[in-house]
């Protein structure tokens, strides 16, 4: 019988040791997927109509819709709740990464969150401004940045507010009346922003006029003298480009620029919206003299 060389045995044994197939009945090892993070209880901000943001806690989840509790509890009642879009809701607490002109939701103190735009960024801190012009310096954990359609919505909102502020600034820089003012005189003056109302002068000082409003429920107010106008006795001549104070059936007079005059008058307000008004329904109390009529 031929002898088997010792090295041949080593090769056979080495090959047999490498062939470690699992038995057919042995279970294969598996890795369980990590469970998704809980939906309820998350601290979030949500973009809602306006647009504006709500800071709240998720109470219930139903697919693309979430129910959040927001704000402060009412007296003897739980916090108010609102259903929001899950795709327009973001967790808070993570450090945001943002650059100048990025927009998002920012913590302005206590429970107040506002839409914001970054005006300066350095070392994880941001200077931000709200659509109303409120400025804050915040950390990255006090901001949630927005992208996609949400970002466009907020940028459009900022652009609108900027146009409105430019329009308001031009209105309030105008000359309403350059003559004398006396106690008891009937005037039109701004009560809220650039919303004007009729009233009567109570007193006059060098820089201000105290006005008693035609609506007796409203408290008297000190108004800058330069913003007080005298209602025109004669019909105001309407020409394209002219800035006027007008109303139809409300107490409030609003500034607008005359765009066209025909059977109807076309007016453009501070938002850029156009109003087509029948001349029979239009009341114009005053034409505002400006160096150039503001264009929304």
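Numbering (our numbering), first residue to last: 4 to 299.
For each residue, glycine too, the CB sits at the ideal point set by N, CA and C.
(message) Could you tell me the alpha carbon to alpha carbon distance between residue 80 and residue 67, rounded to whole angstroms?
(response) Here the question's residue 80 lines up with position 77 in the chain shown. Here the question's residue 67 lines up with position 64 in the chain shown. Near 27 Å, if we compare the C-alpha coordinates of residue 67 and residue 80.
(message) Contact between the stretch 241-250 and the stretch 260-273 is defined here as three or more beta-carbon pairs at a separation below 8 Å; is this criterion met?
(response) The stretch 241-250 and the stretch 260-273 touch, with no fewer than 3 CB-CB distances between them shorter than 8 Å.
(request) Identify whether residue 242 lies in helix, strand or coil by the three-state DSSP scheme. (result) Here residue 242 refers to the residue found at position 239 when the chain shown is read from its first residue. If DSSP states are grouped into helix, strand and coil, residue 242 belongs with coil.
(request) Note down, in chain order, each residue of its chain lying with its Cβ closer than 8 Å to the Cβ of residue 103, except the 5 sequence neighbours on either side. (result) One-based indexing of the chain shown puts residue 103 at position 100. Excluding positions up to five away in sequence, the list reads 121, 122, 123, 124.
(request) May I have the straight-line CA-CA distance separating residue 247 from residue 273, to the nearest angstrom? (result) Residue numbering aside, residue 247 sits at position 244 when the chain shown is read from its first letter. Residue numbering aside, residue 273 sits at position 270 when the chain shown is read from its first letter. For residue 247 and residue 273, the distance between alpha carbons rounds to 12 Å.
(request) For the beta strand (DSSP E) holding residue 202, just list the boundary residues, first then last. (result) Here residue 202 refers to the residue found at position 199 of the chain shown. Run containing residue 202: 198-207, per the beta strand (DSSP E) assignment.
(request) Throw me the rounded Cβ distance for the residue 257 and residue 217 pair, which I believe falls under 8 Å. (result) Working through the chain shown from its first residue, we reach residue 257 at position 254. Working through the chain shown from its first residue, we reach residue 217 at position 214. Not a contact, Cβ separation roughly 16 Å.
(request) Mind checking which residues open and close the alpha helix (DSSP H) that includes residue 167? (result) On the chain shown, residue 167 is found 164 positions in, with the first residue counted as 1. 151-175 is the extent of the alpha helix (DSSP H) around residue 167.
(message) Less than 8 Å between the beta carbons of residue 74 and residue 82, yes or no?
(response) In the chain shown, the residue the question calls residue 74 occupies position 71. In the chain shown, the residue the question calls residue 82 occupies position 79. In this structure, residue 82 lies closer than 8 Å to residue 74 by Cβ.
(message) By the DSSP assignment, the beta strand (DSSP E) with residue 88 in it spans what residues?
(response) Stepping through the chain shown from its first residue, residue 88 is reached at position 85. Run containing residue 88: 84-88, per the beta strand (DSSP E) assignment.
(request) Name, in chain order, the residues that DSSP records as bridge partners for residue 59. (result) Residue 59 sits at position 56 when you count from the first residue of the chain shown. Answer is 47, 73, bridged to residue 59.
(request) Starting from residue 216, trace the beta strand (DSSP E) both ways and give me its first and last residue. (result) Residue 216 sits at position 213 when you count from the first residue of the chain shown. If you look at residue 216, you'll find it in the beta strand (DSSP E) that goes 211-216.
(message) So for residue 1, helix, strand or coil by DSSP?
(response) The requested residue 1 does not occur in the structure, where the chain is confined to residues 4 to 299.
(message) Let me make sure I understand the geometry here. Which of 70, 88, 220, 177 has the alpha-carbon closest to that of residue 51?
(response) Your numbering for residue 51 matches position 48 in the chain shown. It is 88.
(message) Quick check on the burial criterion: 16 or more other C-beta atoms within 10 angstroms. Buried or exposed for residue 146?
(response) Here residue 146 is taken as the residue at index 143 of the chain shown, counted from 1. Buried: at least 16 other Cβ atoms inside 10 Å.
(request) Whole angstroms is fine: what's the gap from residue 190's alpha carbon to residue 56's? (result) For the purposes of this step, residue 190 is taken as the residue at position 187 of the chain shown. For the purposes of this step, residue 56 is taken as the residue at position 53 of the chain shown. When the Cα atoms are used, residue 190 and residue 56 turn out to be separated by approximately 39 Å.
(request) Measure the CB-CB distance between residue 114 and residue 58 and report whether it falls below 8 Å. (result) On the chain shown, position 111 is the one that residue 114 refers to. On the chain shown, position 55 is the one that residue 58 refers to. The answer is yes: Cβ separation under 8 Å.
(request) Taking the CB atoms as reference points, tell me whether residue 117 and residue 109 lie closer together than 8 Å. (result) Taking the first residue of the chain shown as position 1, residue 117 is located at position 114. Taking the first residue of the chain shown as position 1, residue 109 is located at position 106. Pairing residue 117 with residue 109 gives a Cβ-Cβ distance under 8 Å.
(request) Report yes or no: do three or more beta-carbon pairs, one from the stretch 273-293 and one from the stretch 225-237, lie closer than 8 Å? (result) Yes, they touch.
(message) With H, G and I counted as helix, E and B as strand and the rest as coil, what does DSSP make of residue 91?
(response) For the purposes of this step, residue 91 is identified with residue 88 of the chain shown, where counting begins at 1. DSSP places residue 91 within a helical segment (H, G or I) once states are collapsed to three.
(message) By alpha-carbon positions, which one of 281, 204, 226 ends up nearest to residue 195?
(response) Taking the first residue of the chain shown as position 1, residue 195 is located at position 192. Sorting 281, 204, 226 by C-alpha distance to the C-alpha of residue 195 places 226 at the top.
(request) Pick helix, strand or coil for residue 255, following the three-state DSSP scheme. (result) Translated into positions along the chain shown, residue 255 becomes position 252. Collapsing the DSSP output to three states places residue 255 in coil.
(message) Taking its Cβ as the centre, do 16 or more other Cβ atoms sit within 10 Å of residue 279, making it buried, or is it exposed?
(response) What you label residue 279 is simply residue 276 of the chain shown in a count that begins at 1. Under this definition residue 279 is an exposed residue.
(request) Look at the alpha carbon of residue 215 and the alpha carbon of residue 203, and state the distance between them as a whole number of angstroms. (result) Counted from its first residue, the chain shown places residue 215 at position 212. Counted from its first residue, the chain shown places residue 203 at position 200. Inter-residue distance for residue 215 and residue 203 is about 5 Å (C-alpha atoms, whole angstroms).
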